[in-house]
Structure formats: structure tokens, C-alpha cells
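Numbering (the numbering used here), first residue to last: 26 to 572.
Here is the structure we will look at, set down as C-alpha cells.
Next comes the structure, spelled out in C-alpha cells:
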């Protein structure tokens, strides 16, 4: 006869002990490993969203987020934006904004406010791992240590940092380098390239042919024209308007050129727009991504992706399965260009095949060229200009000219050249799918500025790290950070002197001391929910890792 062993009884004391241990482990985990945070503002948008309003174009289907416009007491955003239904705010006007893909003006009323992303932060355990460049980090503000901030880490201890034409340059600083009259002329500078995952997260879409409007005609006239313009020996053989897929039926050479006069490539953020015409896009951006899916009619096709900027021509040439990345000094009007320099070679997994779509992705970013095929890197090359060479090629200025006037040159938008981009084809007809242009984040040169309410002790001087007169030297315990939404980000470039509570630890302006670091943001675990029938519905599709 079998007997079932009697289960041991759990005493109240054991239960309480287990609960206490669980709480203790949770507190230890929160205190030393992972902690949750809420993103309050848009300084890291669109990588991470603070409180925002969701928008969608009925013509293109494109979705994007925008900074709140309507504020209540204490500069808190109102729960309903642009709507007379907000109690006590009956005079609020509807929201007017533009579709980032087409420029169409859209009006909305009574748009509910969405809160910011909720993220997990892995705390830094320095015996295990240190912060890395381009991490998104959380830290206590040097200006007010009771406030936590989130930015992207761009400068590491022991370095000198320079932000030039939107890119990050760094060098290991020597003990006497700060005494140099112009440290940007010293040796050792390297343009700091982003890891692939971080770069993919930081690309900002300018236009994608998938967002061609449903009806580009209104009242008998066309209100939308594609920013891509077809040309070549048989320009009439192009079919571009009113379709997301571009078709060329000619037999001669052809090109598809970005219309930079009508659609300049600038650091525009749809997130920052509060009304049509609001000054938003300022600096031309030369770090560009060109993407398309090519379906050739013939195996004889050749494809090139071309970016012209900084006085040079950069291109990826594809013939069969062979890929060549090269650059040269751009040809002046009526003159030949300079000799070609090959930066890299590669091979596609298979040649461009008639009737089959091959997705190509050309990157010109951080002084490098890359070609991806089906999201796999097939060719890469780099050019390594110093700050002096970058300034000469971009602006046509000497370092002495730039150093002579901190307020005139680098923060002056008019000094920046407008980049040009195009695709070139030969060998017969083809169809293009998902033809898109994206631009990189551009860290803006700026001047320190304040106002009557918040004066700045360095008002009118060049922001930290953006000019030779305001060098950014970091000690062995200092870091330098910037926001992804550079026009809206009050970051280490622009900070004033630290709080009296922080100054005894580190009196330097525009740095984050190691002791103020909290950790690395790594996952959005609860994006702002949608509302259905008045109830919040989690947006599981937007849960994501942070790069």
C-alpha cells in the first residue's frame, strides 16, 4: 500500500522571510543593476520620445511624433493639444503642421497627449564594463544633480573633442595641449565613426517613395511633385509622378537626381515643428544615405549612387556583381574633376538579375563610404581628413580664418554647402522600389546664449567643442554628451558652470563627471500607449532596444 508523503507546512515566519528576501533582492537589483526611467522631453527625439503628440498623414500614411505645443501652468503640456475641449482653455487654436514627406499642411483638433518612453537603464559597474562612445546614457545633471538627464555619449576621458560640420572628431590629449593657441591644428585627430547599429538608429528619413500621396492633385492642380527628378538621353522614358515605384523604359544612360533646390537636405526635425513655417531646419547635412530596390530589365545594367559635397564626389559603382567605392575632387563648371581614389571594393552576393529586386543601400557618413546589399555590408572605405582638411574642403576656409572669428563662420548656416545626391544607370530599363534618402544627425555649431530669466556667463562665445577658441579637453574622469535632437537639446555644448553642489566634485563647464553617471539606456520597455475606447493600450510594436 503506497502512501503519499505529507507536504511540509510553510510557517508564517518562513513566508515573511521569503517575501523580505525577494524585496531585498529587488532593491539590490534596482540599486546596482537595472533601473527604470521615464523620458520627459524631446532632446533625444526621435530616438527616444518625451511627452509628445502623435500625427499621421491621411494622404501618405506616414506616422511621426511632435513636441507638445500647448502648455498649462508650470510649463506642463496640456493633456489635450489644439482643442477647445480642454477645460479652461477654450481659446486654443487647432494644431497646424506639415507632413514631413510632402510638406502638405494638415490641421488637427483635440489631439491627446502621449507620455514619454519608459526605458530600462543598465547601471555602470566599472569593474565589469565602462561607458562606450555613442552609448545613450543617463546621468545626474551637472547644473542640478536632483535632475536626471539622458544624452548620447560622444567624448571619453582623456580626449579632446571637436564638433565639425556635424561630425565628432577626437584625439588623445597631451598634458600641455591645452596651452596650444589652436589645438585643432595638433596631430592625432580622427573622425569618430558610429557602430552600425547606432548609425541605423540615428538615420533621419527625409523622403521615401512609399509615402507618395494617394492624390497629388487638388482643384485641378498638382500640389505634390516627387523630390526625385529623372533625366538622361531619354528623360521622357521616366515614370515618377503619382507612383511609389519609379520606372525607366529607355535604353540610354539615365539618372535620378534629388531636387535639392526644392527639397534641401537639412537637419529638419518634424518633432520640433509647432506651426507651419516655424524655423526648424538650419544646417545642410552632408552625411547621407541613398536606398533603393532595383529590378533591372537586362543583365547589362550598371548602377551608381553618388553624393557630391565638401568639394568632392563620392560614389558607389555597381557593374554585374562588382562594387567599387571611390572619391575625387568635384569637377568645376566646364572643367574635369580630379583623379579618382578607390576607397574600397566588394562583391554582391549575386549580380543584378533581370526581373529580381535587389535592395541597395549607399552610406556616406563619418568620412566613410559603405554599400549594403539586403542589409549586408559588401564594401566599405574611409577617408581620413583632419579638422583642418575638413574645414578647407567644406567651407573653403583656412583654420586661421575660422579661428579669427568664433561667431562668424562655423555657426553661420550660409557657410555650409548644399549637398547633391543622385543615382546613375546604364544598360537598359529598370524599376525602382522604396527609393529613399535619409540624413545623419548633425551636431550643431552654436554660440552660448541666455536670456533675462536665465543669463549665461559665457553669452556670445562659441559653444564648447564647436570652435578652436572653445576647446573641449576631458580629464580622466570627464565625459562629453550631446542630444540626438541637436537643435532642441540643451547639452554639454551649451551648459553653463555647474551647480554649487557639483562644483566641489568637478568645477569644469560642459562635462559630466564619472561620479554623476547612472548607466546605459538599453531598452524601451513601455512606449507611450495608444488609447482605445478611453483606455490605454500598450504599443508592443514599438518596444525596442536602444542603440
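Note that beta-carbon positions come from the ideal geometry of N, C-alpha and C, so glycine has one too.
Residues 481, 484, 485, 519 of the same chain have their beta carbon placed closer than 8 Å to that of residue 474, with the five preceding and five following residues left out of the count. Rounded to whole angstroms, the gap between the alpha carbons of residue 340 and residue 313 is 12 Å. Take residue 375, set aside five residues on each side of it, and the residues of its chain with a beta-carbon closer than 7 Å to its own are 346, in chain order. Check the Cα spacing between residue 205 and each of 558, 497, 277, 555: the tightest is with 497. Residue 134 is a Cβ neighbour of residue 108, given a cutoff of 8 Å.
For residue 226, same chain residues with a beta-carbon under 8 Å away, outside a window of 5 residues either side, are 72, 571, 572 in chain order. Per DSSP, reduced to three states, the secondary structure at residue 442 is coil, with no helix or strand assignment.
Remark: three or more beta-carbon pairs, one from each stretch, lie closer than 8 Å, so the stretch 201-219 and the stretch 415-429 are flagged as touching. Measuring C-alpha to C-alpha distances from residue 105 to each of 87, 98, 85, 136 identifies 136 as the nearest.
Residues of the same chain with a CB within less than 7 Å of the CB of residue 231, apart from the 5 flanking positions on each side, are 290, 462, 463, 464 in chain order. Around the beta carbon of residue 337, a 10 Å sphere encloses 16 or more other beta carbons of the protein chains shown; the residue is thus reported as buried. When 70, 523, 357, 327 are compared, the shortest CA-CA separation from residue 93 is found for 70. In the three-state scheme derived from DSSP, where H, G and I count as helix and E and B as strand, residue 419 is classed as helix. With contact defined as three or more Cβ pairs closer than 8 Å, the stretch 553-565 and the stretch 510-517 are not in contact. In this structure, residue 506 and residue 197 do not form a Cβ contact; the two beta carbons are roughly 19 Å apart against a cut-off of 8 Å. With a threshold of 16 other beta carbon atoms within 10 Å, residue 479 falls short and is exposed.
Counting the other Cβ atoms within 10 Å of the Cβ of residue 365 gives fewer than 16, which makes it exposed. Residue 87 has no beta-bridge partner at all, per DSSP. Counted as a single uninterrupted DSSP element, the beta strand (DSSP E) harbouring residue 147 occupies residues 143-148.
By the neighbour-count criterion, in which a residue is buried when 16 or more other Cβ atoms sit within 10 angstroms of its Cβ, residue 296 is buried. Taken through DSSP and simplified to helix, strand or coil, residue 412 comes out as helix. The three-state secondary structure of residue 365, taken from DSSP, is coil. For residue 425, the enclosing alpha helix (DSSP H) has its first and last residue at 424-429.
Membership of residue 80 in the beta strand (DSSP E) is indicated by the continuous run 78-81. Burial state of residue 85 is buried, judged by a 10 Å Cβ sphere holding 16 or more other Cβ atoms. As computed with DSSP, residue 538 is found in a beta bridge with 503. Contact between the stretch 161-174 and the stretch 449-463 is absent: fewer than three C-beta pairs spanning the two stretches fall below 8 Å. Judged by DSSP in its simplified three-state form, residue 102 adopts strand. Three or more Cβ pairs closer than 8 Å define a contact, and the stretch 275-283 meets that threshold against the stretch 436-454. Around the C-beta of residue 335, 16 or more other C-beta atoms lie within 10 Å, and the residue is accordingly described as buried. Residue 447 sits away from residue 319, with the two beta carbons spaced by 8 Å or more. Across the structure, residue 233 and residue 459 are spaced so that their CA atoms are roughly 6 Å apart.
By the CB criterion at 8 Å, residue 493 and residue 438 fall outside the cutoff. Nearest to residue 327 by C-alpha distance, out of 182, 317, 343, is 343. Using a Cβ-Cβ distance cut-off of 8 Å, the stretch 386-395 and the stretch 354-364 are not in contact, since fewer than three pairs of beta carbons, one from each stretch, lie closer than that value.
With a threshold of 16 other beta carbon atoms within 10 Å, residue 401 falls short and is exposed.
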